[in-house]
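Peer 1: Residue numbers for the sequence shown follow full-length UniProt numbering, beginning at 1 and rising by one.
Heads up, the beta-carbon is just placed ideally off N, CA and C, and yes, glycines get one too.
Below is a structure I'd like to ask you about.
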Amino acid sequence: MKQDKKQDNIRKKIWKMPFLINGLFKDEDWAQFDGAKSDKQIPGDKMLSFIQKEILAAEQRKERKIIRKHRVVRMLRYTAAAAVLVFFSFHFISQWTKEEPALSNKGGAVAQQPAADKDTSWTLIENKNPQSMLLDLPDGSRVRLFSRSHIRYTKEFTGKSRDIQLVGKAYFDVASDPGRPFSVFAAGTKTTALGTSFTINTSMQNKAVTVALHTGKVLISSVSNRFREVFLNGPGQRLSVNRRGLTTVEIPRKKRIAKEPDLSATELLNLKNIPMPIVLQGLENAFGHKIHIADHLISEIHYTGEIDIHKEKLKDILTTICLINELRYVTNPDGSYTLYKQEKTKTENLNN
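Here it is, written out as structure tokens:
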């Protein structure tokens, strides 16, 4: 085999470089050669036959080599096609078996599929504007999302909970739903409420998370058990959690609370420097209508004025309060009211 390859290479070189023949067999040598003087017989026919056989054998070897090459290529193509067919068959069978209803282990009955009426796709809202924006959640809760902040949640709350993911700062006015707690996950903390209003801020310069309670009650816990649960149950209470998991609870001074009058009486007269949440709570008790605060800054307002619930209507009282403090109120379909700051807000309906 090696000898044949060597001879084939020699023939190729001679074919490409014919001057080698001219160098070995010069014209002068052919002119000096006298065939008549030679006593040996020149094997012309025998040599011709040998050359023809060698040429034929070389061509046959070359054809066999080409045939083997085509066979290998054809086998590779068949193998690749078979592999693709097996892959897609396995993929189809896997998807088909996943879509089949699962059988119960006890009776072998087909397990019923859960209702797919709720849209569980995620919604991401990001506020890139310098002003805050007001958002309506699917459950009726309202969120004021501050600049450079975003929230993430399912379009339709499912199951027995309402979970929100927050990065940045947001104010929440939670719609009451005892069967579904409202939870906000922010920077490793979880704040849970049934129906209340609070503000969470994760964008503090000191890398601390703050939760400020405006109305109702909230429970703050750590997602990774870095700190014990903290319960806030009074307006103005504030929790701070630093990067090490250390917690600090701020409670309004008792002296200030003791001086605040009881506004649950039948009359509201001569109010002097009373915090707005307490004024609104007294109006709720007197008129039987829920009053929400949409902006936590409203909770910092102190109201001074005279109110007579026997002579004035609730709408007139709210109008007066709004005019004095540059606020506005909106009447909700359920008969409740919501107070806002007098500024251009952007409301987005996220039920679509």
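Taking the alpha-carbon positions, what's the K341 to S121 distance?
Peer 2: One Cα belongs to K341, the other to S121, and the distance between them is close to 32 angstroms.
Peer 1: What is the rounded straight-line gap between the Cα of D173 and the Cα of L297?
Peer 2: Using only the alpha carbons, I get a separation of about 13 angstroms.
Peer 1: Rounding to the nearest angstrom, what Cα-Cα distance links I151 and N201 in this structure?
Peer 2: Here the C-alpha atom of I151 lies approximately 12 angstroms from the C-alpha atom of N201.
Peer 1: Spatial neighbours of E99 within its chain, please: C-beta separation below 8 angstroms, excluding the five flanking residues on both sides.
Peer 2: At E99, the pLDDT of 39 sits below 50, so the modelled position is not reliable; the number obtained from the coordinates is stated separately. Once the five neighbours on either side are set aside, E99 has no close Cβ partner at all.
Peer 1: Does DSSP put F157 in a helix, a strand or coil?
Peer 2: coil
Peer 1: What first and last residue would you give for the beta strand (DSSP E) that runs through E250?
Peer 2: T247 to E250
Peer 1: Report yes or no: do the segment 273-284 and the segment 238-249 share at least 3 C-beta pairs separated by less than 8 angstroms?
Peer 2: no
Peer 1: Quick test of your reading: A294 and I309, contact by CB under 8 angstroms. State the CB separation rounded to the nearest angstrom.
Peer 2: With a Cβ gap of about 24 angstroms, A294 and I309 do not count as contacting.
Peer 1: Would the segment 205-215 count as touching the segment 172-190 if we require 3 or more Cβ pairs under 8 angstroms?
Peer 2: yes
Peer 1: What separation, rounded to the nearest whole angstrom, lies between the Cα atoms of T154 and K160?
Peer 2: Near 13 angstroms, if we compare the C-alpha coordinates of K160 and T154.
Peer 1: For I67, does the count of other Cβ atoms within 10 angstroms reach 16, so buried, or fall short, so exposed?
Peer 2: exposed
Peer 1: Taking all protein chains shown into account, do 16 or more other C-beta atoms lie within 10 angstroms of the C-beta of S224, making it buried, or fewer, making it exposed?
Peer 2: S224 should be labelled exposed.
Peer 1: Report the start-end ranges of each beta strand (DSSP E) in the UniProt domain "Protein FecR C-terminal" (269-331) that is 3 residues or longer and not cut off at the edges.
Peer 2: 271-275, 291-293, 302-305 and 327-331
Peer 1: Please determine, among V143, T196 and S183, the residue with the shortest C-alpha to C-alpha distance to S222.
Peer 2: S183
Peer 1: Is it the case that the Cβ atoms of R180 and F198 are separated by a distance below 9 angstroms?
Peer 2: Not in contact: R180 and F198 (Cβ atoms no closer than 9 angstroms).
Peer 1: Output needed for P333: all residues of its chain with C-beta closer than 6 angstroms, excluding positions within five of it in sequence on either side, in chain order.
Peer 2: none
Peer 1: If the criterion is Cβ atoms closer than 9 angstroms, does the pair R144 and T338 meet it?
Peer 2: no
Peer 1: In whole angstroms, what is the alpha-carbon distance linking S147 and I321?
Peer 2: 28 angstroms
Peer 1: Are the CB atoms of F227 and G245 nearer to each other than 9 angstroms?
Peer 2: A Cβ-Cβ contact shorter than 9 angstroms links F227 with G245.
Peer 1: With H214 and S299 assumed to form a contact (beta carbons below 8 angstroms), what rounded beta-carbon distance in angstroms separates them?
Peer 2: 5 angstroms
Peer 1: With DSSP run on the structure shown, which of helix, strand or coil describes D136?
Peer 2: Of the three classes helix, strand and coil, the one that applies to D136 here is strand, per DSSP.
Peer 1: Can you look up S49 in the DSSP assignment and give me helix, strand or coil?
Peer 2: helix
Peer 1: Quick one: is M75 buried, meaning 16 or more other Cβ sit within 10 Å of its Cβ, or exposed?
Peer 2: exposed
Peer 1: May I ask you to report which of helix, strand or coil DSSP gives T123?
Peer 2: strand
Peer 1: Would DSSP call A193 helix, strand or coil?
Peer 2: Strand, per DSSP.
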